[in-house]
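Trainee:
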Amino acid sequence: MILSAYLFVFSFAGFTFQQWITPVKNSPGLYNTRTTLGPFSNRIGVLAYALTPLSILLANRESILSLLTGVPYQSFNFLHRWLGYIIFIQGSVHTIAWTIVEVRLYQPQPTAAQEWIKETYIVWGVVTMILLLLLVVLSTPWAIRLTGYEFFRKAHYVLAIIYIGGCWGHWAQLKSFLLPSILIFFLDRGVRLVRTMLMHYQYLPNGSMGFQTAPASLTHFADAEYGDVIRMDFEQPHGPWNISQHFYLCFAESSIWQSHPFTPLNLPQTRNGAVSHSYIFRAKKGETRKVADLALQKLSLSPKATTPVILTGPYGESITENLTPEHNILCVAGGTGIAYVLPVLLNIIQKPAVRDRKIQLVWAIRRKADLCWVEQEIVSVNDAARTHGIEVCIYVTREAGSNASSIQEGKVEGSEIDLDKTCGTASCAAVSARSPMSLDIQKLGSKGQNRHPDLKVLVSEFVENTVRGPTKVFGSGPGGMISDLRSIVAACNSGSRAWKGNERFDVSLVCDDRLEW
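Numbering (our numbering), first residue to last: 73 to 589.
1. Check each candidate in H292, I450, S164, M553 and name the one with the smallest Cα separation from L337.
2. Within 10 angstroms of its Cβ, does V453 collect 16 or more other Cβ (buried), or is it exposed?
3. Consult DSSP for E325 and reduce its assignment to one of helix, strand or coil.
4. Can you tell me whether R87 is helix, strand or coil according to DSSP?
5. Measure the C-alpha to C-alpha separation of R540 and R576 and round it to an integer number of angstroms.
6. Runs of 4 residues minimum, wholly inside the stretch 348-380: which ones carry the alpha helix (DSSP H) assignment?
7. Nearest-angstrom Cα distance between I74 and L151?
8. If we count the other Cβ atoms within 10 Å of its Cβ and call it buried at 16 or more, is F89 buried or exposed?
9. Apart from the five residues on each side of it in sequence, which residues of its chain come closer than 7 Å, Cβ to Cβ, to P144?
10. Under 8 Å, do A169 and L109 count as touching if we go by C-beta distance?
11. If you draw a straight line from the alpha carbon of F148 to that of P375, how long is it in whole angstroms?
12. Beta-carbon within less than 6 Å of M271's beta-carbon, same chain only, minus the 5 sequence neighbours each way: which residues are those?
13. With DSSP collapsed to three states, give me the class of I116.
14. Have a look at T335 and Q317 and give me their C-alpha separation to the nearest angstrom.
15. Over the uninterrupted beta strand (DSSP E) stretch that includes R176, give me the two end residues.
16. Considering only the beta carbon of each residue, do T408 and R343 sit closer than 8 Å?
17. When we look at the beta-carbon of D578 and count the other beta-carbons within 10 Å, is it buried (16 or more) or exposed?
18. Residues in the same chain with beta-carbon distance under 8 Å from S211, minus the five sequence neighbours each way, listed in chain order, please.
19. When burial is assigned at 16 or more other CB atoms within 10 Å of the CB, is V347 buried or exposed?
20. In this structure, does DSSP put S559 in helix, strand or coil?
21. Report the CB separation of S289 from F306 in whole angstroms; it is logged as a contact under 8 Å.
22. Which of helix, strand or coil does DSSP assign to G156?
23. According to DSSP, is Y298 part of a helix, a strand, or is it coil?
24. Looking only at C-alpha atoms, which of E187, D584, T105, Q245 sits nearest to R176?
25. Using the Cβ count rule (16 or more neighbours within 10 Å means buried), how would you classify P525?
26. Among the residues of its own chain, which have a CB less than 7 Å from the CB of F87, if the five just before and after it don't count?
27. So is K357 buried or exposed if we call it buried at 16+ other beta carbons inside 10 Å?
28. G238 lies in the alpha helix (DSSP H); which residues open and close that run?
29. Taking 7 Å as the limit between beta carbons, can you name the residues of its chain near T141, skipping five residues before and five after?
30. Tell me which same chain residues have a C-beta within less than 8 Å of the C-beta of P180, skipping the five on either side of it?
31. Check the DSSP bridge columns for G406 and list the partner residues they point to.
32. Taking Cβ positions, are D295 and N132 nearer each other than 8 Å?
33. Report the CB separation of A377 from L383 in whole angstroms; it is logged as a contact under 8 Å.
34. At which residues does the beta strand (DSSP E) containing S566 begin and terminate?
35. Taking only the alpha-carbon atoms, compute the straight-line gap between V416 and I315 and give it to the nearest angstrom.
36. For the stretch 556-571 and the stretch 526-533, state whether three or more C-beta atom pairs, one from each stretch, are separated by less than 8 Å.
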């Protein structure tokens, strides 16, 4: 809004708004109407050129802005998107204004317009506006859902570079804005490549130094109805990351031209010079579907399946950096969103317990068997549930309850939850052997229905039942759930009561709502 206000002021300031009637050379009786519209449209065009380097800077993953401000690169994507809209509006106004001048105000017609549109710089201008229109249309959520994110990303790169070239062809005198744009674009890609090479440059089995991928073990969880889930575990020698930071993973066996962001679900702990990584993701289509098919193929031949992974990162900021022992913690996750909030709990249980602190995990999953995705981590949280006062509430949304209506099975003892049968692994059997277990499993809805926990009630009750201190809500899941959570957390805040010392009503939300998740 501030940038738009500045642009609005400087788009109009300093002009003498009037018109002049001048005769047309060698055309008696014909007159050109000259107005401030021409200089105004030129200034709009110059501002669009000037904003291009900033637009690319805001889109960089290896962001200089992040180094200067500490704000993660994905937060600048919002500004990049809106700056793109501003540039499109400026380019459209520039084009429409000069079309009016050349087609209507200059004489004779249609001769003046026909000669104008054939000039080389005008042809490049038309091409540039078409490219800019494609950039805007293909960046809409509708187009991304239709074509897929990977197509959007690669098309965006290609169109952006051609667009800059078109701007150069249209008005080379402004190349002082275009050359930095190109340099910033390729500098980002170069730094990204160097970071990847350094992370994988290590000792090879023969004792020499070189590039080596990380062999990731794959665990496959079949789900024909909603999409299979893959768990990936591997170790890589590098420094630890901050909780909630993410890495870009490239699955070398399927495609070296794609990488996707994933948040580790484990804590960044170094053992023998290497840091362990654990990820889960649901295979829908595209690259994740290829990895799932690859895992199935390899598991059919051997009980263990691995695939080479190339990673770059970490990126993002720590969500626990400003977390104090006085904060009450509510973690809300939907499906594979558990990977974002689980490290918060794993970090808490490694620290001494805090009296009167309320901690709760609310996890909505489709089936009870989905607990197996993070069985080892659930064991760790369960072991510390009593000492740290952690309450784990699991909501199963796509399996029928004990009757047709929405029911609550209630809090059950560990001996009543046969996770060994559910997951079929030793670690899940260890969960069921511990008693009592603060695991609240509730089934919502009946077969064929889609029922979800009432987040408004859950968040409100959590805040009301805290003893002291502010509340921090961590959320990750589908976009609709995050949108609801924003409104619910905002409604739970009470500035007047927090100002008077009742910190229980100081509620903040930290959520993972990036597009690629």
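Using N, Cα and C, we set each Cβ at its ideal position, and we do this for glycine too.
These numbers were taken from a predicted model, which means no experiment stands behind them.
Mentor: For this structure:
1. Nearest neighbour of L337 by Cα position, chosen from H292, I450, S164, M553, turns out to be I450.
2. Burial call: buried.
3. If DSSP states are grouped into helix, strand and coil, E325 belongs with coil.
4. According to the sequence as given, residue 87 is Phe; it is not Arg. F87 falls in the coil class under three-state DSSP.
5. Distance between the alpha carbons of R540 and R576 is about 6 Å.
6. Correct list: 359-371.
7. Rounded to the nearest angstrom, the two C-alpha atoms are 12 Å apart.
8. With fewer than 16 other Cβ atoms within 10 Å, it is exposed.
9. By the criterion of a C-beta distance shorter than 7 Å, P144 is surrounded in its chain by S138, Y387, G388, E389, once the five residues flanking it on both sides are discounted.
10. If you check the CB distance, A169 and L109 come in under 8 Å.
11. Taking the CA atoms as reference points, F148 sits about 44 Å from P375.
12. The answer, listed in chain order, is H310.
13. In this structure, DSSP gives I116 a helical state, which the three-state scheme calls helix.
14. The alpha-carbon atoms of T335 and Q317 are separated by roughly 6 Å.
15. Where R176 is concerned, there is no enclosing beta strand (DSSP E), given that its DSSP letter is neither H nor E.
16. No, the Cβ-Cβ distance between T408 and R343 is not below 8 Å.
17. Burial call: buried.
18. If we look at S211 and ignore the five residues flanking it on each side, its Cβ neighbours are R153, G156, F224, H228.
19. Answer is buried; the Cβ neighbour count reaches 16.
20. Correct three-state label for S559: helix.
21. Right, the Cβ-Cβ distance comes to about 7 Å (below 8 Å), so this counts as a contact.
22. Here G156 sits in helix by DSSP.
23. Coil, per DSSP.
24. Checked all of E187, D584, T105, Q245; the closest Cα to R176 is T105.
25. Counting the other CB atoms within 10 Å of its CB gives P525 a total of 16 or more, which places it among the buried residues.
26. So the list reads T108, P111, F112, once near-sequence residues are dropped.
27. Taking all protein chains in view, the Cβ of K357 is surrounded by fewer than 16 other Cβ atoms within 10 Å, so the residue is classified as exposed.
28. Note, G238: alpha helix (DSSP H), 221-242.
29. Taking T141 as the centre and dropping the five residues before and after it, the same chain places no C-beta closer than 7 Å to its C-beta.
30. The residues are V96, S99, L102.
31. Beta-bridge pairing links G406 to A436.
32. Cβ distance not < 8 Å, so D295 and N132 don't count as in contact.
33. The distance from the Cβ of A377 to that of L383 is about 18 Å, inconsistent with a contact at the 8 Å cut-off.
34. Boundaries for S566: no beta strand (DSSP E) harbours it, and the DSSP string shows neither H nor E there.
35. When only Cα atoms are considered, V416 and I315 end up about 7 Å apart.
36. Three or more Cβ pairs closer than 8 Å define a contact, and the stretch 556-571 meets that threshold against the stretch 526-533.
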